[in-house]
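Presented below is the structure to which this report refers.
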Amino acid sequence: MLKINKSFLFLIPILAVLLTTATLYSADDFVSSKVKDISDRSYEPAVIQLLDNAKNSIVISMYSISSRTKAKNPVKLLLNDLFEARERGVSVTLYLNTRLSDNAESKVPYAESPVFKELADAGCTIH
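Under our numbering, think of the first position of the sequence shown as 8, with each following residue one higher.
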């Protein structure tokens with residue numbers, strides 16, 4: 008008579024479960040993705056492309072915005088894209104730092120900055 012090791016009998020159900028699980032999660036269930044480094048200044052073209060192509064909503068967190076930027080400045084371009092998105096009917100929500108700086112002389116809240124008034128007037132939600 009054939010002797011079967013008890014530990015082998017224990018492994019058979021585990022193997023069956025593993026094989027079943029492997030077939031449940033086939034390659035068709037996964038979505039491939041691309042990861043792109045957008046650190047430092049390489050973020051600008053990637054973010055502007057996303058803003059330009061937004062259809063429903065934009066939610067963005069920003070540390071600082073200067074309203075005294077030149078027309079070709081990346082921040083100015085980003086702001087222009089936010090205004091254009093609002094004109095297309097895209098919902099825009101901004102999460103901002105609460106103060107312009109930690110400097111004791113500069114305790115002007117962001118909300119009092121003219122650029123934020125323009126964004127709010129355009130229908131952007133600012134937190």
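Even for Gly, the Cβ is constructed at its ideal location relative to N, Cα and C.
> What number of angstroms, rounded off, separates the C-alpha of arginine 93 from the C-alpha of serine 64?
Replying inline: The residue you call residue 93 lines up with position 86 of the sequence shown. The residue you call residue 64 lines up with position 57 of the sequence shown. Taking the straight line from one Cα to the other gives about 9 Å.
> Using the C-alpha atoms, what's the distance from serine 40 back to threonine 132?
Replying inline: Stepping through the sequence shown from its first residue, residue 132 is reached at position 125. Stepping through the sequence shown from its first residue, residue 40 is reached at position 33. One Cα belongs to threonine 132, the other to serine 40, and the distance between them is close to 31 Å.
> Taking just the CA atoms, how far does leucine 103 sit from proline 81?
Replying inline: Within the sequence shown, the letter at position 74 stands for residue 81. Within the sequence shown, the letter at position 96 stands for residue 103. Taking the straight line from one Cα to the other gives about 17 Å.
>> If the criterion is Cβ atoms closer than 8 Å, does the pair lysine 124 and valine 97 meet it?
In response: As a first step, residue 124 must be located in the sequence shown, where it is residue number 117. As a first step, residue 97 must be located in the sequence shown, where it is residue number 90. In this structure, the beta-carbon distance from lysine 124 to valine 97 does not fall below 8 Å.
> Rounded to whole angstroms, how far is the Cβ of isoleucine 55 from the Cβ of leucine 84, which I believe are closer than 8 Å?
Replying inline: Counting from one through the sequence shown, the residue named residue 55 turns up at place 48. Counting from one through the sequence shown, the residue named residue 84 turns up at place 77. Sure, about 6 Å apart at Cβ, within 8 Å.
> Where does the unbroken beta strand (DSSP E) through proline 50 begin, and where does it stop?
Replying inline: Taking the sequence shown and counting its residues from 1, the one referred to as residue 50 is at position 43. Inspection of the sequence shows that residue 50 is occupied by tyrosine rather than by proline. According to the DSSP assignment, tyrosine 50 belongs to no beta strand (DSSP E) but to the alpha helix (DSSP H) extending over 50–59.
> Taking buried to mean at least 16 other C-beta atoms within 10 Å of its own C-beta, is valine 38 buried or exposed?
Replying inline: What you label residue 38 is simply residue 31 of the sequence shown in a count that begins at 1. Of the residues assessed, valine 38 falls on the exposed side of the cut-off, its CB having fewer than 16 other CB atoms within 10 angstroms.
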